[in-house]
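Which chain is which? The protein sequence lines are G and P, in order. Under the numbering used here, think of the first position of the first sequence as 114, with each following residue one higher. Under the numbering used here, think of the first position of the second sequence as 114, with each following residue one higher. Ideal Cβ placement from N, Cα and C applies to all residues, glycine included. Shown next, in structure tokens, is the structure this report addresses.
Number of protein chains: 2
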Amino acid sequence: MKLGEMLGFRFKETPSDCQIASHILMTRGGYIKNVGSGIFSLYPPGKRIAHKIERIIREEMDAIGGQEVMLPVTIPASLWKESGRWDAVGSELLRFKDRWGSDMLLGMTHEEAVVHLCRGAAPSYQNYPFMVYQIQTKFRDEPRARGGLIRVREFTMKDAYSFHTSQEDLEDYYARCHAAYENIFRRCGIPETVSVKSDSGMMGGKVAHEFMLVTQVGEDYLAICDCGFSANMEVAECIVENVPCADAVLTKVETPDTKTIEDLCAFFGRTSEQFCKAVLYQKNANDEIVVVFLRGDLEVNEVKLRNLLGEEVHPAVSVDDVLACGYIGPMGLPEGVTVIYDRSLAGTHDLVTGANEEGYHFKGFTPARDVPGIAFSDVAKILDGGICPGCKNNSIKLVRGIEVGNIFQLGTKYTQSMEMTYLDKNGKAQYPIMGCYGIGVGRLMASVCEVRHDEYGPIWPMSIAPWQVHICAIRAENPDVAAAANGLYDALQAAGIEVLFDDRKVSPGFMFSDADLLGVPVRVILSPKTLGRGVVELKTRDKAIQKDIALDNAASEITALVKELLMLA
Amino acid sequence: MKLGEMLGFRFKETPSDCQIASHILMTRGGYIKNVGSGIFSLYPPGKRIAHKIERIIREEMDAIGGQEVMLPVTIPASLWKESGRWDAVGSELLRFKDRWGSDMLLGMTHEEAVVHLCRGAAPSYQNYPFMVYQIQTKFRDEPRARGGLIRVREFTMKDAYSFHTSQEDLEDYYARCHAAYENIFRRCGIPETVSVKSDSGMMGGKVAHEFMLVTQVGEDYLAICDCGFSANMEVAECIVENVPCADAVLTKVETPDTKTIEDLCAFFGRTSEQFCKAVLYQKNANDEIVVVFLRGDLEVNEVKLRNLLGEEVHPAVSVDDVLACGYIGPMGLPEGVTVIYDRSLAGTHDLVTGANEEGYHFKGFTPARDVPGIAFSDVAKILDGGICPGCKNNSIKLVRGIEVGNIFQLGTKYTQSMEMTYLDKNGKAQYPIMGCYGIGVGRLMASVCEVRHDEYGPIWPMSIAPWQVHICAIRAENPDVAAAANGLYDALQAAGIEVLFDDRKVSPGFMFSDADLLGVPVRVILSPKTLGRGVVELKTRDKAIQKDIALDNAASEITALVKELLMLA
Numbered sequence: 114m115k116l117g118e119m120l121g122f123r124f125k126e127t128p129s130d131c132q133i134a135s136h137i138l139m140t141r142g143g144y145i146k147n148v149g150s151g152i153f154s155l156y157p158p159g160k161r162i163a164h165k166i167e168r169i170i171r172e173e174m175d176a177i178g179g180q181e182v183m184l185p186v187t188i189p190a191s192l193w194k195e196s197g198r199w200d201a202v203g204s205e206l207l208r209f210k211d212r213w214g215s216d217m218l219l220g221m222t223h224e225e226a227v228v229h230l231c232r233g234a235a236p237s238y239q240n241y242p243f244m245v246y247q248i249q250t251k252f253r254d255e256p257r258a259r260g261g262l263i264r265v266r267e268f269t270m271k272d273a274y275s276f277h278t279s280q281e282d283l284e285d286y287y288a289r290c291h292a293a294y295e296n297i298f299r300r301c302g303i304p305e306t307v308s309v310k311s312d313s314g315m316m317g318g319k320v321a322h323e324f325m326l327v328t329q330v331g332e333d334y335l336a337i338c339d340c341g342f343s344a345n346m347e348v349a350e351c352i353v354e355n356v357p358c359a360d361a362v363l364t365k366v367e368t369p370d371t372k373t374i375e376d377l378c379a380f381f382g383r384t385s386e387q388f389c390k391a392v393l394y395q396k397n398a399n400d401e402i403v404v405v406f407l408r409g410d411l412e413v414n415e416v417k418l419r420n421l422l423g424e425e426v427h428p429a430v431s432v433d434d435v436l437a438c439g440y441i442g443p444m445g446l447p448e449g450v451t452v453i454y455d456r457s458l459a460g461t462h463d464l465v466t467g468a469n470e471e472g473y474h475f476k477g478f479t480p481a482r483d484v485p486g487i488a489f490s491d492v493a494k495i496l497d498g499g500i501c502p503g504c505k506n507n508s509i510k511l512v513r514g515i516e517v518g519n520i521f522q523l524g525t526k527y528t529q530s531m532e533m534t535y536l537d538k539n540g541k542a543q544y545p546i547m548g549c550y551g552i553g554v555g556r557l558m559a560s561v562c563e564v565r566h567d568e569y570g571p572i573w574p575m576s577i578a579p580w581q582v583h584i585c586a587i588r589a590e591n592p593d594v595a596a597a598a599n600g601l602y603d604a605l606q607a608a609g610i611e612v613l614f615d616d617r618k619v620s621p622g623f624m625f626s627d628a629d630l631l632g633v634p635v636r637v638i639l640s641p642k643t644l645g646r647g648v649v650e651l652k653t654r655d656k657a658i659q660k661d662i663a664l665d666n667a668a669s670e671i672t673a674l675v676k677e678l679l680m681l682a
Numbered sequence: 114m115k116l117g118e119m120l121g122f123r124f125k126e127t128p129s130d131c132q133i134a135s136h137i138l139m140t141r142g143g144y145i146k147n148v149g150s151g152i153f154s155l156y157p158p159g160k161r162i163a164h165k166i167e168r169i170i171r172e173e174m175d176a177i178g179g180q181e182v183m184l185p186v187t188i189p190a191s192l193w194k195e196s197g198r199w200d201a202v203g204s205e206l207l208r209f210k211d212r213w214g215s216d217m218l219l220g221m222t223h224e225e226a227v228v229h230l231c232r233g234a235a236p237s238y239q240n241y242p243f244m245v246y247q248i249q250t251k252f253r254d255e256p257r258a259r260g261g262l263i264r265v266r267e268f269t270m271k272d273a274y275s276f277h278t279s280q281e282d283l284e285d286y287y288a289r290c291h292a293a294y295e296n297i298f299r300r301c302g303i304p305e306t307v308s309v310k311s312d313s314g315m316m317g318g319k320v321a322h323e324f325m326l327v328t329q330v331g332e333d334y335l336a337i338c339d340c341g342f343s344a345n346m347e348v349a350e351c352i353v354e355n356v357p358c359a360d361a362v363l364t365k366v367e368t369p370d371t372k373t374i375e376d377l378c379a380f381f382g383r384t385s386e387q388f389c390k391a392v393l394y395q396k397n398a399n400d401e402i403v404v405v406f407l408r409g410d411l412e413v414n415e416v417k418l419r420n421l422l423g424e425e426v427h428p429a430v431s432v433d434d435v436l437a438c439g440y441i442g443p444m445g446l447p448e449g450v451t452v453i454y455d456r457s458l459a460g461t462h463d464l465v466t467g468a469n470e471e472g473y474h475f476k477g478f479t480p481a482r483d484v485p486g487i488a489f490s491d492v493a494k495i496l497d498g499g500i501c502p503g504c505k506n507n508s509i510k511l512v513r514g515i516e517v518g519n520i521f522q523l524g525t526k527y528t529q530s531m532e533m534t535y536l537d538k539n540g541k542a543q544y545p546i547m548g549c550y551g552i553g554v555g556r557l558m559a560s561v562c563e564v565r566h567d568e569y570g571p572i573w574p575m576s577i578a579p580w581q582v583h584i585c586a587i588r589a590e591n592p593d594v595a596a597a598a599n600g601l602y603d604a605l606q607a608a609g610i611e612v613l614f615d616d617r618k619v620s621p622g623f624m625f626s627d628a629d630l631l632g633v634p635v636r637v638i639l640s641p642k643t644l645g646r647g648v649v650e651l652k653t654r655d656k657a658i659q660k661d662i663a664l665d666n667a668a669s670e671i672t673a674l675v676k677e678l679l680m681l682a
């Protein structure tokens with residue numbers, strides 16, 4: 114295609130509403146246009162990249178036996194009422210009423226819709242296992258849309274769902290899908306994507322992995338270790354060592370106006386590790402108070418807490434009339450309060466903690482001695498430099514990452530609630546066990562840009578580049594340049610190469626900055642100067658190759674290079 | 114793919130909620146599943162057909178220079194407020210509020226979104242013409258969803274939009290797109306699709322065509338003639354001849370309890386053509402009364418009336434206090450009533466019409482004499498057997514059709530209201546002129562089924578069939594059958610043929626009725642009996658071919674047949 118005929122425009126200035134590289138460059142390069150908060154249209158280059166990513170995803174899903182289906186964007190509420198998620202999911206689920214006042218929703222994930230499609234259609238154990246997938250528009254009413262295509266409200270997603278007759282079979286398939294995901298990210302140009310254990314959140318199920326691309330602009334924190342351990346910080350086990358120390362007598366101490374850990378450290382002349390700190394939450398359902406006790410230097414991991422309680426909580430508000438805030442401790446708490454002890458308190462002695470009385474703390478607190486029947490749970494955040502749950506060294510690194518895909522072992526949450534059954538070998542009705550597997554197409558595109566760009570524009574891998582070759586014809590009004598450039602354009606297209614052809618009457622600088630923004634991997638520059646020497650200039654966008662090649666041989670040499678670069682992924 | 118592994122099931126009984134063939138067969142054949150009113154999921158065979166249709170559409174759109182883009186499903190109301198359609202379009206537009214209470218809508222057509230994408234991106238006349246298109250999910254809150262995929266609420270649609278600097282250029286491009294549409298319908302297996310002039314409805318613009326597939330189950334009426342004339346009945350010009358007759362004296366006649374044309378014919382001993390009948394409407398905006406006078410044998414075409422008035426109307430309700438219903442005529446109507454005279458009254462004499470007085474009519478009414486300054490408009494429905502606007506013979510046939518595509522010359526309605534401009538050669542700002550072009554993918558699939566089926570199932574054309582070859586291995590537990598069938602399956606797949614392989618342990622009858630429902634064009638049957646003779650049975654779904662072919666040669670012969678059938682479209 115001729116660049117002069119392509120819809121879109123490119124510009125130099127950084128748009129004021131763009132913070133991260135992919136958002137800036139894909140806006141400046143004419144890939145995307147913002148329509149509303151978290152809603153984008155795609156210009157032709159953006160759509161072409163999305164297409165190629167979708168094709169790679171499709172090939173990999175088909176290779177593991179996936180069957181493509183189509184589920185609706187608009188879903189009757191009745192299906193989500195069956196699964197219980199109509200009530201359980203918060204305001205990120207877009208609910209609306211149709212012309213008859215019936216409750217409906219915009220699909221943000223399609224477990225209910227896929228179970229609706231499959232129930233009745235796989236009645237015998239002989240129909241299992243199977244996997245179906247779709248690539249379709251989804252909507253999630255995200256309160257914090259940001260970063261261009263990284264966090265949006267409307268998005269194109271590949272979502273796949275597998276159905277099994279045993280946990281073993283699910284686990285086998287889960288591993289195959291894990292490998293297919295690694296293929297997808299490698300083929301799309303981000304082989305450095307790592308998979309980490311993750312929280313299953315509103316999806317349900319026990320085992321889940323996220324595929325994370327490590328980058329400074331990521332919104333998630335990952336705990337990784339050189340030993341190979343990796344997990345989303347939300348679920349990473351927090352292991353601490355407590356310095357051995359002797360028991361002491363439990364003694365009440367007057368501590369006027371000493372409510373924070375910092376104040377208490379100063380008052381008692383101790384480090385924060387020697388305190389038993391209280392953090393207050395309330396259950397969303399009934400405002401019941403939850404007190405979490407943990408070592409003074411740690412923070413509560415709210416995802417772990419929510420999973421432990423099996424319900425949603427929020428930081429406590431206005432509980433001053435019930436509790437002596439700033440002076441809360443394990444002993445003497447009022448009735449009706451849920452108390453959680455973090456594992457960091459196990460084996461500790463002689464801590465300082467609140468006395469549940471304004472202006473007083475205890476010192477000499479030894480949890481195992483002073484709280485009869487105490488039990489510990491893991492509800493603290495893992496620390497940077499903390500102990501690795503894998504190799505047990507103090508080697509954890511916290512890094513940021515973008516989640517580019519996720520896979521979940523769902524179990525029977527949806528098949529059971531929605532009554533999808535099959536008959537096993539003995540003729541007994543059973544619930545199939547499900548897995549689900551998602552990849553956001555737009556976020557993947559932006560993620561590749563995030564780690565494959567320079568200051569001038571994206572550096573697209575050949576596998577997903579909007580075009581394979583970009584011809585710049587400098588001084589195309591010159592008949593020699595026009596003839597050579599058109600000849601090369603035709604020859605490359607005849608060879609099946611996707612060519613973007615810039616023969617506009619603009620300066621070389623203008624042409625090259627457009628080419629940089631379009632990020633096509635192979636660039637060919639023709640000018641009166643090079644043609645005078647019988648050559649054209651061949652350059653790759655990643656600067657690995659920069660050389661003159663004979664015009665006579667250019668089409669075949671370029672075709673060979675494109676094929677070579679396609680093979681790399 | 115092996116049929117036994119495919120998601121879906123097929124059955125014999127006609128579902129009680131299905132009336133038309135495509136709905137019945139695509140439900141019974143496991144192509145679609147109803148999720149809610151006018152909302153469907155697609156099983157793998159349905160999705161595969163949709164994919165092929167989309168590919169054909171894409172190829173034809175690309176061939177006329179189309180650039181694929183992506184516009185959102187969820188659109189901020191602000192864009193539709195700019196164009197005025199937020200208020201102008203009725204309840205078929207699904208409006209909702211997002212988490213912040215902002216007005217939004219589900220796109221049912223994307224003129225606003227595409228103008229938003231293009232404005233600013235094509236600032237110079239040199240950027241024109243261009244065409245962009247997308248294939249994306251749409252939602253139309255249709256009150257009368259019916260007929261399976263024929264009339265739905267959620268649908269996948271290809272919508273294209275072209276932009277031009279002159280009406281001439283639009284018309285040139287419109288003709289190219291018209292030809293591309295003919296290619297699409299021919300390639301999808303319905304070459305008999307005809308284009309008819311149509312109403313532009315809520316889209317705006319003056320010239321529009323619908324592509325109609327003539328079938329008894331169509332919802333639209335078309336006026337066609339052997340001379341080549343064709344138009345949607347909504348816009349077809351109604352031409353009548355009036356029998357010459359002399360003027361008569363205008364005379365008031367007492368006609369007690371004689372309100373209908375039938376009663377009046379009997380009372381006066383005349384035919385209905387000799388009456389001037391009144392039909393009453395009210396404007397939606399302010400309930401103002403509109404009286405349409407037309408020849409007694411004709412009916413009002415409400416689309417023409419709406420277009421003439423430039424606003425919406427509805428049949429009048431409770432106007433008895435203002436008008437003498439049943440006795441309404443042109444003379445003596447109250448003030449404030451809009452009066453329209455249909456062209457069928459031009460040149461008439463000596464008609465009977467109401468006297469605007471309960472129980473009285475006039476006879477001897479001659480419009481041109483008795484109504485000073487009378488003007489006539491075309492607001493009547495064309496008649497079956499009526500005069501063809503093309504050849505002027507009494508040769509019009511009214512037939513029913515399904516609208517499988519439409520094209521519109523939009524003019525500057527959207528570019529002007531949304532302030533999209535470009536600079537012309539003289540540096541003057543101008544509004545681009547638009548065309549738009551739609552095809553519904555699912556409706557097209559169902560339409561093909563509607564005209565390409567027998568009582569046993571769909572007969573898919575090779576171009577869009579879910580698979581190209583269907584192997585039935587009868588008694589696949591027989592080692593010879595298994596070896597031959599598996600060998601053929603592998604050989605065909607290696608040759609790039611899409612094969613559905615049925616090696617289930619079911620009876621031949623069961624196997625064949627499933628195959629009929631899946632409608633794959635080429636069927637190959639292997640059984641101990643045929644293999645004993647060294648042959649397999651080759652059958653096309655349309656029964657054109659039914660013969661034995663040598664097993665040794667089967668793969669190459671079948672491959673050649675598939676390629677031949679692919680070339681036909």
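| query | result |
| --- | --- |
| DSSP-derived helix/strand/coil call for P/D434 | coil |
| Local Cβ density within 10 Å of G/F124, reported as buried at 16 or more and exposed below that | exposed |
| Buried or exposed by the 16-neighbour rule on C-beta atoms within 10 Å, applied to G/G214 | exposed |
| Candidates P/A667, P/F342, P/V182, of which the one nearest P/A598 by Cα | P/A667 |
| Continuous alpha helix (DSSP H) stretch holding P/Q280: start and end | 280-300 |
| Range of the contiguous alpha helix (DSSP H) that encloses P/Q606 | 592-607 |
| 9 Å Cβ cutoff met for P/P242 and P/M217 | no |
| Under the three-state DSSP convention, the category G/P571 falls into | strand |
| First through last residue of the alpha helix (DSSP H) which encompasses G/V561 | 554-564 |
| Chain-order list of residues whose beta-carbon lies under 6 Å from that of P/V392 (same chain, five-residue window excluded) | V405, V413 |
| Backbone secondary structure at G/A163 - three-state DSSP | helix |
| Pairwise C-alpha distance: G/G442 and G/H277 | 48 Å |
| Residues bridged to G/M217 [DSSP beta-bridge criterion] | G/P189, G/F209 |
| Strand pairing of P/M547, partner residues [DSSP] | P/F276, P/G524 |
| Cross-strand partners of G/F243 (DSSP beta bridge) | G/F276 |
| Of the listed residues P/L116, P/E532, P/Q280, nearest to P/K735 (C-alpha basis) | Residue numbering for chain P in the displayed model covers 114 to 682; residue 735 of chain P lies beyond these limits and cannot be assessed. |
| Every unbroken alpha helix (DSSP H) within the stretch 402-487 of chain P, with a cutoff of 4 residues, ordered by chain | 415-422, 480-483 |
| Whole-Å CB distance - P/Q329 paired with P/R556, under 8 Å assumed | With a Cβ gap of about 16 Å, P/Q329 and P/R556 do not count as contacting. |
| Listed by chain order, chain P residues near G/D455 by CB distance under 7 Å | The contacting residues do not exist; G/D455 stays about 34 Å from chain P at best. |
| Local Cβ density within 10 Å of G/L219, reported as buried at 16 or more and exposed below that | buried |
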